[in-house]
Amino acid sequence: MGQVAILGGTFDPVHWGHLLIAQAALSQLNLTQVIWVPDRLSPHKQACSYEHRRLMVEQAIRDNPNFILSPLETVDAKPNYALKTLTELQDTYSNCQWYWIIGIDAFQTLPQWYCREAVIPACDWLVAPRPIVTTRVHFTKSERTQPLPDSQSSWLCQQVAQQLASQDISIRWQLLQMPAVGISSTLIRQYCRQHRSIRYLVPESVRAYITDHNLYLEGVGSSSQV
């Protein structure tokens, strides 16, 4: 039985932080594979197309045989629900133990997920620490940009587990042992709009793709300083 993890996201664009999280999960759990699943729709108004984002992920993971791009290619434009993604991947990869890699901010939304009673017990949840702004714990402005200590991350995860338990949903989770990564897709898009270098924030192949296709620029025909 293989141990396979799902890593979903808009990846707009994919960056080194995503890769470090995936590698941490791969190493910590001795996973067989990490399946990268780009969301078809992005919440960002000036987002790249699904095709661009998918190709950037393909470029970013091509040198790691344990990272694979999801074979799912939905033909509709509806948002991907987790249950649909998980069910289709289970049909494609049988006899696997399933994990789901998720950031701690998204982990806190699990009690509101669609069909959570079916999705959550079907996977072990691997929670990546990252800088977040949360409504459940009060931080100063400067603290909001800092990684959460393991004790606070664990406490937040326990709160989520308790909320789910009140809905009669059990969850298996563990924190990934890794430093929080201060890179975000938002920052990279901002740098591109400001014509600032994104070198070392994304893999070189992704940087080249962004440059070649003039992505994330406000002015048509302009190019970023990469």
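full-length UniProt numbering numbers the first residue of the sequence shown as 1 and each following residue consecutively.
By construction, the Cβ of each residue, glycine as well, lies at the ideal position given by its N, Cα and C atoms.
- By the C-beta density criterion, T85 is buried, having at least 16 other C-beta atoms within 10 angstroms.
- V14 places its beta carbon less than 8 Å from that of V206.
- Cβ contact annotation for Y81 (same chain, cutoff 8 Å, sequence separation greater than five): Y114, C115, in chain order.
- When only Cα atoms are considered, H195 and A128 end up about 30 Å apart.
- The C-beta of R40 has 16 or more other C-beta atoms within 10 Å across all chains shown, which makes the residue buried.
- Approximately 16 Å separates the beta-carbon atoms of L29 and Y93; this is outside 8 Å, ruling out the contact.
- In the structure shown, the three-state DSSP call for P38 is strand.
- Here C96 has G2, V4 as same chain residues with Cβ atoms under 6 Å from its own Cβ, once five neighbours each way along the sequence are excluded.
- By the CB criterion at 8 Å, A24 and L7 fall outside the cutoff.
- Assigned with DSSP and collapsed to three states, F67 falls in strand.
- Contact check between the region 160-169 and the region 46-54: fewer than three CB pairs, one atom from each, fall below 8 Å, which does not count as touching.
- Under DSSP, L7 forms a beta bridge with W36, I101.
- A Cβ-Cβ separation of about 16 Å leaves W125 out of contact with W155 under the 8 Å criterion.
- Distance from the CA atom of T211 to the CA atom of S197, rounded to whole angstroms, is 11 Å.
- Minimum Cα-Cα distance from L201 among the listed residues L176, W16, F107, A208 corresponds to W16.
- Note on geometry: alpha-carbon atoms of Q108 and L217 lie some 32 Å from one another.
- In the displayed model, C115 falls within coil according to three-state DSSP, outside both helix and strand.
- Between L83 and I120, the C-beta spacing is not below 8 Å.
- Between the alpha carbons of R199 and I169 lies a gap of roughly 43 Å.
- In chain order, T92 place their CB closer than 7 Å to the CB of P71, counting only its own chain and leaving out the 5 sequence neighbours on each side.
- Secondary-structure assignment with DSSP links L55 through no beta bridge to anything.
- In this structure, P203 sits away from A47, with a CB-CB distance that is not shorter than 8 Å.
- With distances taken between CA atoms, Q90 lies nearest to A122 out of G103, P111, A122.
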